[in-house]
Structures are given as C-alpha cells and as structure tokens.
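Counting the sequence shown from 1 gives a position; this note's numbering is that position plus 4. The next block holds one structure in the form of structure tokens; read it before the comments.
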Amino acid sequence: MVVTALRLTMTNTPGAEHMSWYRAALDMAAYADAHGFTAVACEEHHLARNGWLPSPLILAAAIAGRTHRVRINVSALLVPLYDPVRLAEDIAVLDNLSGGRFSFVAGMGYREAEYRALDRQWAQRGKTMDACLDILTKAWSGEPFERNGHTVQVTPQPFTKPHPIMFIGGMSAAAARRAARYGLPFYPPMPMPKLEQLYRDELLRHGTSGFVYRPARGNTTTLVHPDPDTAWRELGPHLLTEAAEYASWKTGGVPRPNEDIITLDELRHSGAVEILTPEQCLAAIATGVDQIVINPLAGGIPPDQGWKMLRLFTEQVLPAIGPEPADHR
5 MVVTALRLTM
15 TNTPGAEHMS
25 WYRAALDMAA
35 YADAHGFTAV
45 ACEEHHLARN
55 GWLPSPLILA
65 AAIAGRTHRV
75 RINVSALLVP
85 LYDPVRLAED
95 IAVLDNLSGG
105 RFSFVAGMGY
115 REAEYRALDR
125 QWAQRGKTMD
135 ACLDILTKAW
145 SGEPFERNGH
155 TVQVTPQPFT
165 KPHPIMFIGG
175 MSAAAARRAA
185 RYGLPFYPPM
195 PMPKLEQLYR
205 DELLRHGTSG
215 FVYRPARGNT
225 TTLVHPDPDT
235 AWRELGPHLL
245 TEAAEYASWK
255 TGGVPRPNED
265 IITLDELRHS
275 GAVEILTPEQ
285 CLAAIATGVD
295 QIVINPLAGG
305 IPPDQGWKML
315 RLFTEQVLPA
325 IGPEPADHR
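Written as structure tokens, this is what we have:
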C-alpha cells in the first residue's frame with residue numbers, strides 16, 4: 005500500500021496575506037478526501053516569519069468539517085504549551101467531530117523562544133510534558149481525577165477508545181523512555197536506530213507494548229509537475245523560503261533532518277523536496293517508495309499553481325497506485 009498525504013504547513017512569504025491560502029487549504033483537503041488520499045497532515049510552530057501554522061487543532065477541526073474519510077494528523081503537537089485539561093477537552097471534541105479520524109504526535113519542541121512567548125518554563129519542559137500526558141490519559145478515561153487539590157472530570161469522552169490515537173515524538177533517549185513508560189508508540193522524525201532499540205528495551209522493562217513509526221524517506225516532500233526544471237525555477241524560491249525558516253531554528257544537540265539547507269541548489273539536491281513528472285513519480289513507486297507527501301502550498305506557492313500540481317498527481321498518479329478504500333481507518 006502506498007500512503008498518500010496532503011501536508012499543510014501554511015507557510016508563506018513574509019508579509020503576505022494568508023486568507024487565500026487557508027481557504028485553498030480547506031478546499032484541497034476536501035479534494036484529497038474525495039479522491040482517496042490516506043491523510044491530511046499539519047504541524048505546530050510558533051513565531052515563524054513565514055506564518056508556519058501555530059494553531060493546528062483549529063485547522064484540524066476545520067478539515068474535519070470539510071472531509072468524511074481521510075485521516076487527520078498533527079505531527080507534532082507541542083503539548084507542554086497547552087493547559088492539559090483544556091487540551092484534553094479540545095482533542096475529545098475534535099475526535100468526536102472527526103469520527104475518530106484524528107491522531108497526533110505529542111512533542112515537546114526544541115525552541116526556547118516558543119516557551120517564552122507562551123509563558124512556559126523551558127527548564128521544566130520534561131516535567132511539564134509528563135504532567136500533561138498524565139492528565140490527558142486520566143481525562144480521557146471519563147473518570148474524575150484530582151488536579152491541584154480539586155476534582156476534575158472532563159467531558160465529552162472521546163469517540164476513540166481508550167483515547168484518541170497518540171504517538172510520543174522526539175529525538176532523545178528521554179523521549180524514547182517516555183513513550184515506553186506510557187505504552188505509547190514512538191515517533192522519531194528520521195531513522196534513529198539506537199533510540200529505537202532503547203525504546204524496545206524499555207518496553208520490555210516496563211511490561212508495556214508499542215511500536216516505532218517514523219516518516220518514510222526523512223520527510224521528503226513530493227511535487228508533481230509536467231516540467232520539473234521549470235518548476236524549480238518558478239517555485240524554488242517559495243520552497244526555499246520554507247526550508248530556510250526551518251534551518252534558522254537549528255539548535256545545538258538536536259539532530260533534525262534537512263536542517264542545513266541554505267541555497268536553492270542545496271535544497272534541490274538534498275532530497276527534502278523532489279519535483280517529479282507523473283512518470284517519474286510512478287517509477288519511484290515501482291522501485292519501492294511507499295509514502296508520497298504532497299505540499300502544494302509550501303512557502304506561499306500560489307494556490308492556482310498548487311492546484312495544478314495536486315490535480316496532476318491525483319489524475320495521473322493516484323489511479324495507478326489505487327486510492328485508499330472508503331472505510332480505511
């Protein structure tokens with residue numbers, strides 16, 4: 005099976021208006037849903053000069069209202085930046101709105117500036133993460149629990165039992181241990197064999213169960229275009245805007261995929277983004293590529309150009325690999 009995902013980062017050029025892109029994103033999500041994509045994916049970042057999506061739950065809820073079968077994923081949701089009771093309520097409502105189609109990767113983040121902006125303690129982020137996870141799991145049980153000396157009972161209960169689908173993301177030993185301790189699947193952003201083995205060892209130690217899931221091909225974004233050279237000339241600056249913003253967040257001691265891209269030539273040869281003809285895309289799938297992630301609005305790509313690429317993939321590639329069945333969960 006080939007997993008097909010529409011990725012909506014909502015990045016744009018600094019100073020641009022965003023309304024047209026957000027409306028196009030919802031229309032594209034509905035189109036992806038109707039044509040058999042596996043998932044629509046978004047993520048959370050703050051203080052980005054290019055407007056990188058800061059409110060993924062709001063966008064996910066809007067997508068849920070426009071779709072019927074496609075999965076909706078946030079990777080990652082920075083849970084220490086939220087009040088955990090409110091977060092449990094919001095996700096429970098979203099899980100009901102979507103009929104159980106929502107999932108998320110619980111992440112801690114790696115930028116101190118985001119914590120400062122939201123009045124959270126960077127030095128306490130590990131403890132805050134654990135406290136949030138404790139409250140989320142208690143809240144979704146439907147039973148009353150104690151918080152700061154007061155009894156709390158969160159409603160409504162999620163549609164998904166025992167709780168909405170949740171992964172633990174991270175790139176550290178602490179993240180792997182945390183995932184195993186809670187018996188939740190571990191989601192590193194790239195292949196990290198030592199951490200993955202640590203996670204499996206910790207599962208055995210705690211007597212819990214889980215699995216490792218990581219994005220295929222290190223989060224490669226694919227665009228399908230009839231003339232890749234022309235696309236790189238016309239759309240490359242938009243793609244570089246997104247890549248350069250991501251690279252500017254480089255943090256010592258935090259390994260991340262594709263974080264050293266500065267020039268358009270580096271981006272083109274990095275594997276972070278590929279622009280293929282439909283025939284090239286099908287050839288890649290024939291050699292074993294089993295995940296295609298389309299980001300047709302990346303870096304402020306004009307919606308009309310994004311639509312052309314999305315439709316080209318849907319009309320000339322997707323039929324050959326087969327869309328997801330309508331009842332896929």
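Glycine included, C-beta positions come from ideal geometry on N, C-alpha and C.
Exclusion of the five residues before and after residue 143 leaves 92 and 158 as the residues of its chain whose Cβ lies within less than 6 Å of its Cβ. One alpha carbon belongs to residue 80, the other to residue 95, and they sit about 14 Å apart.
Contact between residue 108 and residue 170 holds, with the beta-carbon distance rounding to 6 Å and staying under 8 Å. Taking residue 263 as the centre and dropping the five residues before and after it, the same chain places the C-beta of 251 and 254 closer than 6 Å to its C-beta, in chain order. Residues 175 of the same chain have their beta carbon placed closer than 7 Å to that of residue 196, with the five preceding and five following residues left out of the count.
Judged by their CB atoms, residue 246 and residue 177 are not nearer to each other than the 7 Å cut-off.
Taking each of 89, 48, 105 and 182 in turn and checking the Cα distance to residue 154, the smallest one comes out for 89.
Counting every other CB atom within 10 Å of its CB across the protein chains shown gives residue 299 a total of 16 or more, marking it as buried. The DSSP-derived three-state label of residue 54 is coil. Residue pairing from DSSP places residue 295 in a beta bridge opposite 7.
Residue pairing of residue 305 in beta bridges, as defined by DSSP: absent, with no partner found.
Using a 10 angstroms sphere on the CB of residue 267, the tally of other CB atoms stays under 16, which defines it as exposed. Taking one beta carbon from each stretch, the region 50 to 68 and the region 278 to 298 have fewer than 3 pairs nearer than 8 Å; the two do not touch. Within the region 72 to 134, the alpha helix (DSSP H) runs of at least 4 residues that lie entirely inside it are, in chain order, 88 to 101 and 116 to 121. Residue 285 and residue 228 have their C-alpha atoms some 7 Å from each other. When the beta-carbon positions are compared, residue 271 and residue 239 stay at least 7 Å from each other. For the pair residue 8 and residue 152, the Cα-to-Cα distance works out to about 44 Å. In this structure, the straight-line span from the alpha carbon of residue 198 to that of residue 308 is close to 44 Å.
Contact check between the region 133 to 148 and the region 161 to 170: three or more CB pairs, one atom from each, fall below 8 Å, which counts as touching.
In the structure shown, the three-state DSSP call for residue 69 is helix.
The Cβ neighbour count for residue 234, taken over all protein chains shown within 10 Å, is under 16; the residue is labelled exposed. If you ignore the 5 residues before and after residue 111, its C-beta comes within less than 6 Å of the C-beta of 80, 82 and 173, all in its own chain and listed in chain order. Distance from the CA of residue 45 to the CA of residue 294, rounded to the nearest whole angstrom, comes to 17 Å.
Taking C-beta atoms as the reference points, residue 168 and residue 132 fail to come closer than 7 Å. Setting aside the 5 residues that flank it on each side, residue 313 is surrounded in the same chain by 227, 228, 229 and 300, each with a C-beta closer than 7 Å to its C-beta; the list follows chain order. Between the region 24 to 41 and the region 70 to 79, the count of C-beta pairs closer than 8 Å reaches three or more; the two stretches touch. The straight-line gap separating the alpha-carbon atoms of residue 138 and residue 201 is approximately 25 Å.
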